[in-house]
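In order, the protein sequence lines correspond to chains B and S. The numbering used here puts the first residue of the first sequence at 301, with every later residue one more than the last. The numbering used here puts the first residue of the second sequence at 6, with every later residue one more than the last. What follows is one structure encoded as structure tokens, with my remarks underneath.
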Amino acid sequence: SQQGEEDPQALSIQEGENATMNCSYKTSINNLQWYRQNSGRGLVHLILIRSNEREKHSGRLRVTLDTSKKSSSLLITASRAADTASYFCAPPGGNYKLTFGKGTLLTVNP
Amino acid sequence: ETGVTQSPTHLIKTRGQQVTLRCSSQSGHNTVSWYQQALGQGPQFIFQYYREEENGRGNFPPRFSGLQFPNYSSELNVNALELDDSALYLCASSLGGGEREQFFGPGTRLTVL
């Protein structure tokens, strides 16, 4: 069954540095989404990338997708303390649900 | 346009009790999904409702049940609470299922003692 898995589990960087998080999934997809969660609250949608797209940008975010390797990456450039959060990739599991891994906990130190 | 709201914010119950959690979907959204997130884990899909019908279910026992109302708001009911039911319960609304952007509420933190 489908499952997103993020790597690394935790990442600590200094403000201004770039942060890269990786995601692997198991079965073929039509798209993949990334979400952010601040301190045990609700998830916020960041970006959706379709299977026919290799790269997508949104502000300081850059997402890549390699369907041949069943992997995706999220790059946050020029990170800020406010970027401190857990980040989840969410491949769809069938036509009705998202599947989440444990996430990457990003800490940006001022 | 109002976002997804959930009530209550926090709840403490004892083992064996029953609980009802509520979710108001974002205006215009006809699909509501519920997720359970244990501490340190990612959200796990419980079920989804589309136009008042259950549209899909995750690996949760029948004591987890739900409803969706004509205004697309939703309830999650859990009977015979167990200690392992302690978690953050998230509701997400959308225009369609898992291949669409989901709009999450702030969650209900349930503690079972």
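Glycine included, every Cβ here is placed at the ideal spot set by N, Cα and C.
By Cβ distance below 7 angstroms, which residues in the same chain neighbour Thr327 of chain B in space, the five residues on each side in sequence not counted? Translated into positions along the first sequence, residue 327 of chain B becomes position 27. Closer than 7 angstroms at the Cβ level, and outside the excluded window around Thr327 of chain B, lie Gln302.
*asked:* For the pair the region 390–406 of chain B and the region 312–332 of chain B, tell me if three or more CB-CB distances fall below 8 angstroms.
replied: yes
Which residue's Cα is closest to the Cα of Tyr94 of chain S: S:Leu81, S:Glu104 and S:Glu106?
Stepping through the second sequence from its first residue, residue 94 of chain S is reached at position 89. Comparing Cα positions, the closest option is S:Leu81.
Discussion item. For Arg362 of chain B and Arg20 of chain S, I'd like the C-alpha separation in whole angstroms.
Written reply: On the first sequence, residue 362 of chain B is found 62 positions in, with the first residue counted as 1. On the second sequence, residue 20 of chain S is found 15 positions in, with the first residue counted as 1. About 45 angstroms.
Worksheet item: Tell me which same chain residues have a C-beta within less than 7 angstroms of the C-beta of Gly112 of chain S, skipping the five on either side of it?
Response: As a working mapping, residue 112 of chain S is identified with position 107 in the second sequence. Closer than 7 angstroms at Cβ, skipping near neighbours: Gln11, Leu93, Tyr94 and Leu95.
**Asked** With Gln31 of chain S and Glu57 of chain S assumed to form a contact (beta carbons below 8 angstroms), what rounded beta-carbon distance in angstroms separates them?
**Response** Taking the second sequence and counting its residues from 1, the one referred to as residue 31 of chain S is at position 26. Taking the second sequence and counting its residues from 1, the one referred to as residue 57 of chain S is at position 52. That belief does not hold up - the Cβ atoms of Gln31 of chain S and Glu57 of chain S are roughly 17 angstroms apart, past 8 angstroms.
*asked:* Please identify, using Cβ separations under 9 angstroms, the residues of the region 86–115 of chain S that lie next to chain B, in order along the chain.
replied: Leu93, Leu95, Cys96, Ala97, Gly101, Gly102, Gly103, Glu104, Arg105, Glu106, Gln107, Phe108, Phe109, Gly110, Pro111, Gly112 and Arg114
Is the region 325–345 of chain B in contact with the region 380–399 of chain B, if contact means three or more CB pairs nearer than 8 angstroms? yes
Can you give me the Cβ contacts of Leu26 of chain S inside the same chain, cut-off strictly under 6 angstroms, excluding the 5 residues immediately before and after it?
-> Translated into positions along the second sequence, residue 26 of chain S becomes position 21. Within the same chain, Leu26 of chain S has close Cβ partners Leu81, Tyr94 and Thr113.
Checklist line | Buried or exposed (CB count within 10 angstroms, at least 16 for buried), Gln337 of chain B | finding: The count along the first sequence starts at 1 and reaches residue 337 of chain B at position 37. Burial call: buried.
### Query
Should Gly342 of chain B and Phe52 of chain S be called a contact, given that it needs their Cβ atoms to be closer than 8 angstroms?
Reading the first sequence from its first residue, position 42 is the one you call residue 342 of chain B. Reading the second sequence from its first residue, position 47 is the one you call residue 52 of chain S. Taking 8 angstroms as the Cβ cut-off, Gly342 of chain B and Phe52 of chain S do not qualify as a contacting pair.
Next on the checklist: My output table needs one value for Leu115 of chain S: the three-state DSSP class, helix, strand or coil.
Outcome noted: Position 110 of the second sequence holds residue 115 of chain S. Leu115 of chain S: strand per DSSP, three-state reduction.
Query - C-beta neighbour in chain S for Gln314 of chain B, strict 8 angstroms - result: If you number the first sequence from 1, residue 314 of chain B lands on position 14. No, Gln314 of chain B lies away from the interface with chain S (no Cβ there is under 8 angstroms from its Cβ).
Examine chain B for any beta-carbon lying closer than 8 angstroms to the beta-carbon of Phe65 of chain S, and answer yes or no. For the purposes of this step, residue 65 of chain S is identified with residue 60 of the second sequence, where counting begins at 1. It does not: the Cβ of Phe65 of chain S has no partner Cβ on chain B nearer than 8 angstroms.
**Message:** For Leu405 of chain B, which residues in the same chain have their Cβ closer than 6 angstroms to its Cβ, ignoring the five residues on either side in sequence?
**Reply:** As a working note, residue 405 of chain B is residue 105 in the first sequence. Ala310 and Ser386, listed in sequence order.
Q: Measure the C-alpha to C-alpha separation of Glu355 of chain B and Ala43 of chain S and round it to an integer number of angstroms.
A: On the first sequence, position 55 is the one that residue 355 of chain B refers to. On the second sequence, position 38 is the one that residue 43 of chain S refers to. Using only the alpha carbons, I get a separation of about 32 angstroms.
ask   = Using the beta-carbon of each residue, which ones in chain B are nearer than 9 angstroms to Ser38 of chain S?
value = Here residue 38 of chain S refers to the residue found at position 33 when the second sequence is read from its first residue. Residues of chain B passing the Cβ test: Tyr396, Lys397 and Leu398.
(message) Which same chain residues end up closer than 6 angstroms to Leu105 of chain S when comparing Cβ atoms and leaving out the 5 residues on each side of it in sequence?
(response) Here residue 105 of chain S refers to the residue found at position 100 when the second sequence is read from its first residue. The sequence as given places Arg at residue 105 of chain S; Leu does not occur at that position. Once the five neighbours on either side are set aside, the close Cβ partners of Arg105 of chain S are Ser99.
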